[in-house]
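*Asks:* Residue numbers (mature numbering (1 follows the signal peptide of the UniProt record, and there is no 0)): -17 to -1, 1 to 592.
Got a structure here, written out as C-alpha cells. Questions coming.
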Ligand SMILES: [Ca+2]
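See the structure below:
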C-alpha cells in the first residue's frame, strides 16, 4: 500500500536526447591531484575494499578513485566503481529496498559508491554518477529520499547524467523501505544520519571527489542543485537552512519539513478515524473516501472558474459537509455519512489544534480524499506517525506505547517532539538570508490533492518565510517561489486517475514513475516544462520562473499514450487563469495572474485510465 512501491514501474521509454551545452572533451589524464584537505570527517581511515574493475577506463576504476580519497584525508572508502556504457543500467536492485528499480538508458558514466564511517553500527553510503560527457558549465545534481527510506536513490540520480551533470544520493545511513522505522530505535546516530548528517557529509565529500575526478580548478564553480520530494523536500530545506553553501538551487517538493510536528500529526489524523470497527461511530470506512471526493468535486470544482474536474482553488471553496450527512429518510447508508463520520472528516480538513486552540499542524486539503487511504485506511495509524513516535521519539520497544486507547495525542508527546526533535531533522529555520545572499534559488511545489503531507503545510512554511522577511512577498519571490499543483497527489500523478490533472514537472520521483529509462518531462525537456531546468536557468542566467507548464498523458504514467493536458502552474499567490475561449487542455489557454473567478463550463474529456 505504500506509494513508493509505485516506483517499481519499469517500462522502458525512448525520449528525445537533451541537447545541453557542449560537453567538455573528456581528459584521459591519470594523474590524481595531490592537495590535501581535512573535511572535518572522522579521523580513522577506512580499509577500501578495492576490486579493480579490469577496465581500460582511465579514471573510472577503484585505483584512481582511491587516489582521490587519499588526497582528501577522509575516513571514507570506496565500495564500488563501475563504468557504465551508453544505454546501460546501474543500481543495486533488490538490495536497495526503497529503490529496487535500476535506471536504464543511461549515458556513458562512472558509477561510484562511497562508504563513510568504519563501524557497522554507524556509517552511511552515497552513490555518484560521473558522466563521461560533463558539461562545460560544471554541475552536480543531489537528489533526496522518501519517508524513512534507507537506500541510494539511483533512479532519480539518472536525470543528472542526462543533463551532463554529476549526480549524488545518500542512503541516509541505513537500509530499509520508506515505511520502516525500527532501525532508529535507541540509535541516536542513525537518526542524525537520516535527519541531516548523511546528506551534509555526502554533499561536502561528494563535491570534492567530483572536482578531483574532473580536475576542476578551485576557482571554477561547481553549480550544485538539489531535487527531492516529501522527506526529500525536507532534506533539501534542512541542508540549505544550516549550510547555505551547499546548493545554488533547490527543487523542493511536498516537503515533510517539520518532522517534530508533522509526524505526530500524521498519527493524530489516524486517531480521528480509528479504531476501524463497527463499534466506533466516528470511523469512515475506506469506500466512503471516494464519496467524499465526489461531493468535494461537485461543490468545489467550479469555484476556481472552470468546471474541468480539477479543484484548483480549494481554499476558496466553502465546502458544506452537511450535504453528505444521512437524513432521517435515508435508506442507502453507503451514499452518505453519519454525523459522527462527518465530524471526523471535518477534523481531517481543519487540522490539529491544541487544547488552547493553537494550530499545531494544518489539515489535508479539499480534493485530497482519494489518497486518504494512506493515513486513514487500514486498521492502525500509518508508520509515518506511529513508527515515528515509537522508534524516534520514545525509543519504545512496542510494549509500552499503546495507541488503541487514545483519541488524541497527549501534550507530553507534542512537547517531547518539540524539545527533542530526534535526529535534528526538522527544517524550521525561516531566516535563509545567507542562502539568499549568495544567490541561492528555491522552487517549492506541492500537489493540492496530496493526501499524505498536507499542502497547507508548505503554504504555512512559505508564509512563515515571508513573515521572517518582514512581509516582503516581492523580495521573497526573488529567491523562493511556491507553486501549487492542482489535482496532483503526493509528489506525483493524480491518485486513481481522478481527475488526471497535469502533474509532471520533472520533479523528484516523477520521471521514474514513467519508466526506468525516463528523465525530465518526456517530449518536453526544456526550462518551460522541467522544474530542474527552470531552476538552473534562474540560478545561472537570472531568468525568474514566472510559470512552469505541467503535463499529463492519456494514461497518466505512460508518456507514450499521448498528451492529455498541459497547464501552467504559477508562483503563489498567482494562479493559472483561463482565457475563456481556448481549449482548456492546452497550456496556451491559460496565464499566470491573480485569480479571477468567472465560471466557465467545460465538457470533461474522457480519460483513459
Ligand atoms: Ca476546476
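Glycine residues also receive a C-beta, built at the ideal position from the N, C-alpha and C atoms.
I'd like the span of the alpha helix (DSSP H) that includes residue 96, first residue to last.
*Replies:* Taking the chain shown and counting its residues from 1, the one referred to as residue 96 is at position 113. No alpha helix (DSSP H) holds residue 96; the beta strand (DSSP E) holding it covers 92 to 102.
*Asks:* Within the same chain, show all residues whose beta-carbon is closer than 7 angstroms to that of residue 249, passing over the 5 residues directly before and after it, in chain order.
*Replies:* Sequence index remark: in the chain shown, residue 249 carries index 266 (1-based). The answer, listed in chain order, is 358, 365, 367 and 368.
*Asks:* At a cut-off of 7 angstroms, is residue 289 close to ligand 1 when judged by its beta-carbon and the heavy atoms of the ligand?
*Replies:* Counting from one through the chain shown, the residue named residue 289 turns up at place 306. Relative to ligand 1, the nearest heavy atom lies less than 7 angstroms away from the CB of residue 289.
*Asks:* Please classify residue 322: is it buried, with 16 or more other beta-carbons within 10 angstroms of its beta-carbon, or exposed?
*Replies:* Taking the first residue of the chain shown as position 1, residue 322 is located at position 339. Its Cβ having fewer than 16 others within 10 Å, residue 322 is exposed.
*Asks:* With the cut-off set at 8 angstroms, would you say residue 354 and residue 473 are in Cβ contact?
*Replies:* Taking the first residue of the chain shown as 1, we reach residue 354 at position 371. Taking the first residue of the chain shown as 1, we reach residue 473 at position 490. Contact flag set, yes.
*Asks:* Of all the options 468, 304, 377 and 536, which has the alpha carbon lying nearest to the alpha carbon of residue 406?
*Replies:* Against the chain shown, residue 406 aligns to sequence position 423. The shortest C-alpha separation from residue 406 is found at 377.
*Asks:* What is the residue span of the beta strand (DSSP E) that residue 427 lies within?
*Replies:* As a position in the chain shown, residue 427 is number 444, starting the count at 1. That run of the beta strand (DSSP E) goes 424 to 430.
*Asks:* Looking at the structure shown, is residue 125 part of a helix, part of a strand, or coil, going by DSSP?
*Replies:* If you number the chain shown from 1, residue 125 lands on position 142. Residue state, collapsed to three classes: strand.
*Asks:* How would you label residue 577, buried or exposed, when you count the other beta carbons within 10 angstroms and need 16 or more for buried?
*Replies:* Start at 1 with the first residue of the chain shown, and residue 577 comes out as number 594. By the 10 Å Cβ count, residue 577 comes out exposed.
*Asks:* Once you ignore the five residues that flank residue 274 on each side, which residues in its own chain have a CB closer than 6 angstroms to its CB?
*Replies:* Taking the chain shown and counting its residues from 1, the one referred to as residue 274 is at position 291. Listed in chain order, the non-local C-beta contacts of residue 274 below 6 angstroms within the same chain number zero, local neighbours out to five positions each way being set aside.
*Asks:* Does the segment 335 to 347 come close enough to the segment 131 to 146 to have 3 or more Cβ pairs within less than 8 angstroms?
*Replies:* no
*Asks:* With burial defined as no fewer than 16 other Cβ atoms inside 10 Å of the residue's Cβ, what is the status of residue 148: buried or exposed?
*Replies:* Residue 148 sits at position 165 when you count from the first residue of the chain shown. Looking at its Cβ environment, which holds 16 or more other Cβ atoms inside 10 Å, residue 148 is buried.
*Asks:* Say the cut is 7 angstroms; is the CB of residue 560 nearer than that to a heavy atom of ligand 1?
*Replies:* On the chain shown, residue 560 is found 577 positions in, with the first residue counted as 1. Residue 560 Cβ: outside cutoff for every heavy atom of ligand 1.
*Asks:* Using CA atoms only, rank isn't needed, just tell me which of 114, 166, 270 and 552 is closest to residue 379.
*Replies:* Position 396 of the chain shown, counted from the start, is the residue given in the question as residue 379. If we check each option's Cα against that of residue 379, 166 comes out closest.
*Asks:* Does ligand 1 have even one heavy atom less than 7 angstroms from the beta-carbon of residue 293?
*Replies:* Against the chain shown, residue 293 aligns to sequence position 310. Under cutoff, so the answer is yes.
*Asks:* Can you tell me whether residue 563 sits near ligand 1, meaning its C-beta is under 7 angstroms from at least one heavy atom of the ligand?
*Replies:* The count along the chain shown starts at 1 and reaches residue 563 at position 580. The answer is no for residue 563.
*Asks:* Report all residues from its chain with a CB closer than 7 angstroms to the CB of residue 134; omit the five preceding and five following residues, and keep chain order.
*Replies:* For the purposes of this step, residue 134 is taken as residue 151 along the chain shown, with counting starting at 1. Closer than 7 angstroms at the Cβ level, and outside the excluded window around residue 134, lie 79, 80, 81, 82, 154 and 158.
*Asks:* With a cut-off of 8 angstroms on the beta carbons, I'd call residue 400 and residue 244 a contact; round off their distance for me.
*Replies:* Reading the chain shown from its first residue, position 417 is the one you call residue 400. Reading the chain shown from its first residue, position 261 is the one you call residue 244. Rounded, the Cβ-Cβ distance is 7 angstroms, consistent with contact.
*Asks:* Give me the Cα-Cα distance between residue 75 and residue 326, rounded to the nearest whole angstrom.
*Replies:* Indexing the chain shown from 1 puts residue 75 at position 92. Indexing the chain shown from 1 puts residue 326 at position 343. Straight-line Cα distance between these residues: approximately 46 angstroms.
*Asks:* At a cut of 8 angstroms, does the segment 499 to 518 reach the segment 408 to 416 through at least three beta carbon pairs?
*Replies:* No: the two stretches stay apart, fewer than three of their Cβ pairs being nearer than 8 angstroms.
*Asks:* For residue 569, which of helix, strand or coil comes out of DSSP?
*Replies:* Here residue 569 corresponds to residue number 586 of the chain shown, with the count starting at 1. It is coil, neither helix nor strand.
*Asks:* Along the chain, where does the alpha helix (DSSP H) that runs through residue 137 open and close?
*Replies:* In the chain shown, counting from the first residue as 1, residue 137 sits at position 154. 137 to 140 is the extent of the alpha helix (DSSP H) around residue 137.
*Asks:* Could you check what DSSP says for residue 517 in three-state terms: helix, strand or coil?
*Replies:* Working through the chain shown from its first residue, we reach residue 517 at position 534. Looking at residue 517 - three-state DSSP - the assignment turns out to be helix.
*Asks:* Between which two residues does the beta strand (DSSP E) carrying residue 276 extend?
*Replies:* One-based indexing of the chain shown puts residue 276 at position 293. Per DSSP, residue 276 is not a residue of any beta strand (DSSP E); the alpha helix (DSSP H) it occupies stretches across 270 to 283.
*Asks:* With C-beta atoms as the reference, is residue 130 less than 8 angstroms away from residue 210?
*Replies:* Working through the chain shown from its first residue, we reach residue 130 at position 147. Working through the chain shown from its first residue, we reach residue 210 at position 227. No.
*Asks:* Curious, which full-length beta strand (DSSP E) runs of at least 3 residues does the segment 443 to 488 contain?
*Replies:* Here the runs fully enclosed are 463 to 468.
*Asks:* Between which two residues does the alpha helix (DSSP H) carrying residue 246 extend?
*Replies:* For this step, residue 246 is matched to residue 263 along the chain shown. 242 to 256 is the extent of the alpha helix (DSSP H) around residue 246.
*Asks:* Looking at the structure shown, is residue 51 part of a helix, part of a strand, or coil, going by DSSP?
*Replies:* Taking the first residue of the chain shown as 1, we reach residue 51 at position 68. Three-state result, residue 51: helix.
*Asks:* When you measure from the CB of residue 430 to every non-hydrogen atom of ligand 1, does any distance come out below 7 angstroms?
*Replies:* Along the chain shown, read from residue 1 onward, the residue named residue 430 stands at position 447. Answer for residue 430: no, Cβ out of range of ligand 1.
*Asks:* Between the Cα of residue 179 and those of 546, 566, 280 and 216, spot the shortest distance and give me the residue it belongs to.
*Replies:* For the purposes of this step, residue 179 is taken as the residue at position 196 of the chain shown. Between residue 179 and the set 546, 566, 280 and 216, the nearest pair of CA atoms involves 216.
*Asks:* Is the separation between the beta-carbon of residue 547 and that of residue 386 shorter than 8 angstroms?
*Replies:* For the purposes of this step, residue 547 is taken as residue 564 along the chain shown, with counting starting at 1. For the purposes of this step, residue 386 is taken as residue 403 along the chain shown, with counting starting at 1. No, Cβ-Cβ distance for residue 547 and residue 386 is not below 8 angstroms.
*Asks:* Hey, would you say the C-beta of residue 116 is under 7 angstroms away from at least one heavy atom of ligand 1?
*Replies:* Locating residue 116 in the chain shown gives position 133, where the first residue counts as 1. Answer for residue 116: no, Cβ out of range of ligand 1.
*Asks:* Where does residue 398 fall in DSSP's three states?
*Replies:* Locating residue 398 in the chain shown gives position 415, where the first residue counts as 1. The answer is helix: DSSP assigns residue 398 an H, G or I state.
*Asks:* Using three-state DSSP, classify residue 412 as helix, strand or coil.
*Replies:* Residue mapping note: residue 412 aligns to position 429 of the chain shown, counting from 1. If DSSP states are grouped into helix, strand and coil, residue 412 belongs with coil.
*Asks:* What is the DSSP secondary structure of residue 420, reduced to helix, strand or coil?
*Replies:* Taking the first residue of the chain shown as 1, we reach residue 420 at position 437. Helix.
*Asks:* Quick check: is any heavy atom of ligand 1 less than 7 angstroms from the C-beta of residue 298?
*Replies:* For the purposes of this step, residue 298 is taken as the residue at position 315 of the chain shown. Every heavy atom of ligand 1 is 7 angstroms or more from the Cβ of residue 298, so no.
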